[in-house]
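Novice:
Number of protein chains: 2
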Amino acid sequence: MKFFEVVKQSKKSKARLGLLSTPHGTVRTPAFVPVATRGTIKAIPPKDIPDIGIQIAFVNTFHLALHPGGEVLKKFGGIHKYSGLNIPLMSDSAGFQVFSLGRASERQRRMRTREGDEALLLGITEEGARFRSPVDGNEIAFTPEFSMQEQARIGADIVMAFDECIYYGASKEYAKKATQRTHEWLLRCVAAKKIKNPSSVRSARTFAGKQMLYGIVQGGTYKDLREESAKFVAKQHIDGIAIGGVAVGETTKEMKDAVGWVAPYLPPELPRHLLGIGRLEDIVAFVRQGMDSFDCVELTRLARNGIVFQKKGARFERYDLTGTKRLREKDPIEKDCPCYACRNFSVAFIHHLFRERELLGYYLATYHNLSFFERAFQDMREKIEQGNL
Amino acid sequence: MKFFEVVKQSKKSKARLGLLSTPHGTVRTPAFVPVATRGTIKAIPPKDIPDIGIQIAFVNTFHLALHPGGEVLKKFGGIHKYSGLNIPLMSDSAGFQVFSLGRASERQRRMRTREGDEALLLGITEEGARFRSPVDGNEIAFTPEFSMQEQARIGADIVMAFDECIYYGASKEYAKKATQRTHEWLLRCVAAKKIKNPSSVRSARTFAGKQMLYGIVQGGTYKDLREESAKFVAKQHIDGIAIGGVAVGETTKEMKDAVGWVAPYLPPELPRHLLGIGRLEDIVAFVRQGMDSFDCVELTRLARNGIVFQKKGARFERYDLTGTKRLREKDPIEKDCPCYACRNFSVAFIHHLFRERELLGYYLATYHNLSFFERAFQDMREKIEQGNL
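Residue numbers (this note's numbering), protein chains in the order written: chain W, 1329 to 1717; chain R, 1329 to 1717.
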């Protein structure tokens, strides 16, 4: 079976319908990819996945490498068996952590992975990136080879090449250097995946045969660097292309530009993933530009803070469940939403749960936001099918 | 339909099989009554209730009166509709809070109802108990009439008379006074429930017709007071009897004594609830003494701290999921447990979830502990059925 197939190309835009086929199931694209950082979509038991309509999820190599660690995941036969997430999975390369820890000042270069625990980026070199582990304080070197090894042990269906996500406002000189580094790392990832039996990546063999590799396009906010990166990545031995560093842009225009610059250079037969994009309005625009999948942590994070989505005409509005004026609100979050939260609970009750910090509140709000996104993607797919996007 | 019916009386002990029939369903007794303090069994969506085997749950009047408040609950038509808990429900009277806030010293007389919020017991008089609200700092007076009004607004199927749970180590003089107070309050609860149209308890009429009232036996650790209390409560106009203040006993013997003293005076046609008892070993003994139902918060609280139950022969053992030695444990919590957590997840994965404070961990551990208790009760009912208890 082919990994990716374009089923229908829109005539009105570059939007397209596709199928991503993996050993854990087939994904209809355009697809939303909710984040399951540590092997769990926060607050959602895997058994709810079919009802919500989730097709595929995104796990984080940096976090899983820290705990439970690649060795444990390998022992369990990979993340699917370990976590009970029996759906297609993508893993990132930990390159985003290089970005999120690296862009800040020395003092801010800390990521709170958990209350009280901090990861510290010690440095980025051509070889890779070095971190201080928040688990035991030891130094961890993330290289392209280590990223591929850990992703092989995690065993997601789709893996990402190790990259450097360039911070917003980087000079052209820095962006150029980082993009070149990303390209060199991509070559090393491709090579690491091909190696048959090296002692350092021995475990990679377990899953390597099934894992699809996405190369990542960088280039910052510079048109020529983005184009050059797209051209370079497109001609490597890869199964898909991800575009990184777009969410870093501060305006929708900047983000659309970054995608628009590279779009002409993306081979149509490869699936295209846009990393870290979560505003639905933006996603619709990116689908029109020919993007196939999108991961984002924002809608689930918002849910845990009591912010849920409502559709008002063509707009996607945010609704705060925590305000005291919700105390007597008898309606569900959305009257016509078929999700479990909306079919069974009032805004008032979910407000009460948030007010009292009851775990059920996080579950219901997350359930709704995920269902909301999946329905929005279903709508987009139907519109493409009908030739209306 | 009769509210309570004894279906089978064991010949080996006082254990009995019964049926509690309510507008929200029928409960097979002996029954476990998990606690849903604020209208939610912590971490468990109502849709999981049938699979876990939960028949009935226990809500707390004190907490619900503070938020969302009786007026909101009445507007929603009661706790069942408000919370989505479509099963028989019991509510307590807030008498336990009088105890838990009252037994401590002035300085300790604080209950952390939520991080940073404290309720303060201001005093107990013949009239009732006065609290400082943790919500807005205002004084709240809990009287028998207010308790009945709030319980009517909550609308549980079974309500408890307002009582004073006597602290462990109370002098006989204090225990006697408190027990008498509980008896007087019971008379006032019975009267409040009968009143047709008083302005102060007007809302009570909404549900009063359906609500079954349990009188509460107190008496502390004194045999004569316990006996006297049982005799007094048994002859009032009530639908069931609860025994309070037993869990306060520090040894199993003290607890069994407290139940043993009153057992001969409990009319066999009334259902008997034992308040706040959660050790399964103790519960088996109390079932042999003729008790029909039991609520307890401990197993769900333990679950949220990573402690789960395992059956080892005839013993019920506690197993700590949080220790680092669980990192590679491939087995489920219990190999032959049919619950969702054990059918789908290893100890290692749930350990990982607790290590990373993932919400799914609280869900899975709670799911198992509740399933474990429900199966233990099912076992007890089968043993009575077969004449083996």
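For every residue, glycine included, the Cβ atom is placed at its ideal position computed from N, Cα and C.
Treat the numbers as computed from the prediction; the structure is a model and nothing was measured.
Just the Cα atoms here: how many angstroms apart are glutamate 1556 of chain W and glutamate 1473 of chain W?
Specialist: Walking along the first sequence from the start, residue 1556 of chain W turns up at place 228. Walking along the first sequence from the start, residue 1473 of chain W turns up at place 145. Rounded to the nearest angstrom, the two C-alpha atoms are 24 angstroms apart.
Novice: Within the same chain, show all residues whose beta-carbon is closer than 8 angstroms to that of alanine 1676 of chain W, passing over the 5 residues directly before and after it, in chain order.
Specialist: The count along the first sequence starts at 1 and reaches residue 1676 of chain W at position 348. If we look at alanine 1676 of chain W and ignore the five residues flanking it on each side, its Cβ neighbours are Arg1654, Leu1655, Arg1656, Glu1657, Lys1658.
Novice: Which residues in the same chain have their Cβ closer than 7 angstroms to the Cβ of glutamate 1333 of chain W, if we skip the five residues on either side of it in sequence?
Specialist: Here the question's residue 1333 of chain W lines up with position 5 in the first sequence. These residues qualify, in order along the chain: Gly1346, Leu1347.
Novice: Closer than 9 angstroms, Cβ to Cβ, to anything on chain R: give me those residues from the segment 1371–1383 of chain W, in chain order.
Specialist: Residues passing the 9 angstroms Cβ filter: Ala1371, Ile1372, Pro1373, Pro1374, Lys1375, Asp1376.
Novice: Cβ of glycine 1444 of chain R less than 8 angstroms from any chain W Cβ?
Specialist: Locating residue 1444 of chain R in the second sequence gives position 116, counting from the first residue. Its pLDDT being 43, under 50, glycine 1444 of chain R is placed unreliably in this model, and the value from its coordinates should be taken loosely. By this cut-off, glycine 1444 of chain R is not an interface position.
Novice: Can you check whether the C-beta of leucine 1598 of chain W is within less than 8 angstroms of a C-beta belonging to chain R?
Specialist: As a working mapping, residue 1598 of chain W is identified with position 270 in the first sequence. Cβ-Cβ to chain R under 8 angstroms: no for leucine 1598 of chain W.
Novice: For leucine 1394 of chain R and isoleucine 1482 of chain R, which I take to be in contact (beta-carbon distance under 8 angstroms), what is that distance rounded to the nearest angstrom?
Specialist: Here the question's residue 1394 of chain R lines up with position 66 in the second sequence. Here the question's residue 1482 of chain R lines up with position 154 in the second sequence. About 12 angstroms; that fails the 8 angstroms criterion.
Novice: Would you say alanine 1676 of chain R faces chain W, with C-beta separation under 8 angstroms as the test?
Specialist: To locate residue 1676 of chain R, count along the second sequence from 1; it is residue 348. So, interface residue.
Novice: Tell whether a beta-carbon distance below 8 angstroms holds between alanine 1489 of chain R and leucine 1541 of chain R.
Specialist: Sequence index remark: in the second sequence, residue 1489 of chain R carries index 161 (1-based). Sequence index remark: in the second sequence, residue 1541 of chain R carries index 213 (1-based). Yes, they are a contact pair.
Novice: Find out if the Cβ-Cβ distance for the pair histidine 1450 of chain W, glutamate 1467 of chain W is shorter than 8 angstroms.
Specialist: Here the question's residue 1450 of chain W lines up with position 122 in the first sequence. Here the question's residue 1467 of chain W lines up with position 139 in the first sequence. Looking at the sequence provided, one finds leucine at residue 1450 of chain W rather than histidine. Their beta carbons are under 8 angstroms apart, which means leucine 1450 of chain W touches glutamate 1467 of chain W by this criterion.
Novice: Quick check on the burial criterion: 16 or more other C-beta atoms within 10 angstroms. Buried or exposed for methionine 1476 of chain R?
Specialist: The residue you call residue 1476 of chain R lines up with position 148 of the second sequence. When all chains shown are included, methionine 1476 of chain R counts as buried.
Novice: Going along chain R in order, which residues have a C-beta closer than 7 angstroms to the C-beta of leucine 1655 of chain W?
Specialist: Reading the first sequence from its first residue, position 327 is the one you call residue 1655 of chain W. Going along chain R in sequence order, the residues near leucine 1655 of chain W (Cβ under 7 angstroms) are Pro1396, Val1400.
Novice: Please confirm whether valine 1574 of chain W and leucine 1608 of chain W have their CB atoms less than 8 angstroms apart.
Specialist: To locate residue 1574 of chain W, count along the first sequence from 1; it is residue 246. To locate residue 1608 of chain W, count along the first sequence from 1; it is residue 280. No, Cβ-Cβ distance for valine 1574 of chain W and leucine 1608 of chain W is not below 8 angstroms.
Novice: Ordered along the chain, which non-local residues of its own chain (more than five positions away) have a Cβ less than 7 angstroms from that of threonine 1389 of chain W?
Specialist: Locating residue 1389 of chain W in the first sequence gives position 61, where the first residue counts as 1. Result list for threonine 1389 of chain W: Ser1419, Asp1420, Ser1421, Ala1422, Ser1475, Glu1478, Gln1479, Ile1482, in chain order.
Novice: Quick one: Cα of glycine 1497 of chain W to Cα of phenylalanine 1404 of chain W, how far?
Specialist: The sequence position of residue 1497 of chain W within the first sequence is 169, counting from 1. The sequence position of residue 1404 of chain W within the first sequence is 76, counting from 1. Straight-line Cα distance between these residues: approximately 42 angstroms.
Novice: Is it buried or exposed, lysine 1581 of chain R, if we count other Cβ atoms within 10 angstroms and call 16 or more buried?
Specialist: Mapped onto the second sequence, residue 1581 of chain R falls at position 253. Result: exposed.
Novice: Out of R:Phe1331, R:Lys1330, R:Lys1336, R:Met1329, which has the shortest C-alpha to C-alpha gap to glycine 1715 of chain R?
Specialist: Within the second sequence, the letter at position 387 stands for residue 1715 of chain R. When only C-alpha atoms are compared, the closest one is R:Lys1336.
Novice: Using a Cβ-Cβ cutoff of less than 7 angstroms, which residues in the same chain neighbour threonine 1510 of chain R once the five nearest sequence positions on both sides are dropped?
Specialist: Stepping through the second sequence from its first residue, residue 1510 of chain R is reached at position 182. The residues are Asp1491, Glu1492, Ile1544, Gln1546.
Novice: Determine, using beta carbons only, whether glutamine 1638 of chain R and glycine 1381 of chain R come nearer to each other than 8 angstroms.
Specialist: As a working mapping, residue 1638 of chain R is identified with position 310 in the second sequence. As a working mapping, residue 1381 of chain R is identified with position 53 in the second sequence. In this structure, glycine 1381 of chain R does not lie closer than 8 angstroms to glutamine 1638 of chain R by Cβ.
Novice: Should leucine 1717 of chain R go down as buried or exposed, given a rule of 16 or more other Cβ atoms within 10 Å for buried?
Specialist: If you number the second sequence from 1, residue 1717 of chain R lands on position 389. By the neighbour-count rule (16 or more Cβ atoms within 10 Å), leucine 1717 of chain R is buried.
Novice: What span of residues does the alpha helix (DSSP H) with serine 1411 of chain R cover, start to end?
Specialist: Here residue 1411 of chain R refers to the residue found at position 83 of the second sequence. 1407–1411 is the span of the alpha helix (DSSP H), which, as asked, contains serine 1411 of chain R.
Novice: Pick from W:Ser1341, W:Phe1331, W:Met1329: whose alpha carbon is nearest that of lysine 1711 of chain W?
Specialist: Reading the first sequence from its first residue, position 383 is the one you call residue 1711 of chain W. Lysine 1711 of chain W has its Cα closest to that of W:Ser1341, out of W:Ser1341, W:Phe1331, W:Met1329.
Novice: Could you check what DSSP says for aspartate 1664 of chain R in three-state terms: helix, strand or coil?
Specialist: Position 336 of the second sequence, counted from the first residue, corresponds to residue 1664 of chain R. It is coil, neither helix nor strand.
Novice: Please list, in chain order, the residues of the segment 1616–1648 of chain R that have any C-beta partner in chain W closer than 8 angstroms.
Specialist: Those would be none; no residue qualifies.
Novice: Out of W:Ala1669, W:Arg1709, W:His1696, W:Ala1704, which one is the CA nearest neighbour of lysine 1375 of chain R?
Specialist: The sequence position of residue 1375 of chain R within the second sequence is 47, counting from 1. Of the listed residues, the one whose Cα sits closest to lysine 1375 of chain R is W:Ala1669.
Novice: Run down chain R in chain order and give the residues with a C-beta less than 8 angstroms from the C-beta of glycine 1412 of chain W.
Specialist: Stepping through the first sequence from its first residue, residue 1412 of chain W is reached at position 84. Correct list: Asn1672, Phe1673, Phe1677.
Novice: Taking only beta-carbon positions, decide if leucine 1687 of chain R is within less than 8 angstroms of chain W.
Specialist: Along the second sequence, one-based indexing puts residue 1687 of chain R at 359. Judged by the 8 angstroms Cβ criterion, leucine 1687 of chain R is in contact with chain W.
Novice: Residues of chain W with a CB under 7 angstroms from the CB of arginine 1683 of chain R: which are they?
Specialist: Locating residue 1683 of chain R in the second sequence gives position 355, counting from the first residue. His1395, listed in chain order.
Novice: Specify the secondary structure class of glycine 1606 of chain W as computed by DSSP and reduced to three states.
Specialist: Indexing the first sequence from 1 puts residue 1606 of chain W at position 278. Coil at glycine 1606 of chain W, not helix or strand.
Novice: Using CA coordinates, which residue listed in R:Leu1627, R:Phe1644, R:Leu1681 is at the minimum distance from threonine 1652 of chain R?
Specialist: Within the second sequence, the letter at position 324 stands for residue 1652 of chain R. Minimum Cα distance to threonine 1652 of chain R is reached at R:Leu1681.
Novice: Taking the straight line between their C-alpha atoms, what separation do you get for histidine 1679 of chain W and alanine 1484 of chain R?
Specialist: Reading the first sequence from its first residue, position 351 is the one you call residue 1679 of chain W. Reading the second sequence from its first residue, position 156 is the one you call residue 1484 of chain R. Going by the C-alpha atoms only, they are around 21 angstroms apart.
Novice: Please list, in chain order, all residues of the same chain as serine 1461 of chain W whose beta carbon is under 8 angstroms from its beta carbon, the five residues on each side excluded.
Specialist: As a position in the first sequence, residue 1461 of chain W is number 133, starting the count at 1. So the qualifying residues of the chain are Leu1394, Ala1447, Glu1467, Ile1468.
Novice: Within 10 angstroms of the Cβ of aspartate 1623 of chain R, are there 16 or more other Cβ atoms? Answer buried if so, exposed if not.
Specialist: Looking up residue 1623 of chain R in the second sequence gives position 295. So aspartate 1623 of chain R ends up on the buried side.
Novice: So with Cβ pairs under 8 angstroms, would you call histidine 1352 of chain R a contact of chain W?
Specialist: Sequence index remark: in the second sequence, residue 1352 of chain R carries index 24 (1-based). No, histidine 1352 of chain R does not count as interfacial toward chain W.
Novice: With H, G and I counted as helix, E and B as strand and the rest as coil, what does DSSP make of glutamate 1556 of chain R?
Specialist: Position 228 of the second sequence, counted from the first residue, corresponds to residue 1556 of chain R. Correct three-state label for glutamate 1556 of chain R: helix.
Novice: Does threonine 1368 of chain R get closer than 8 angstroms to chain W when you measure Cβ to Cβ?
Specialist: In the second sequence, counting from the first residue as 1, residue 1368 of chain R sits at position 40. At least one chain W Cβ lies under 8 angstroms of threonine 1368 of chain R.
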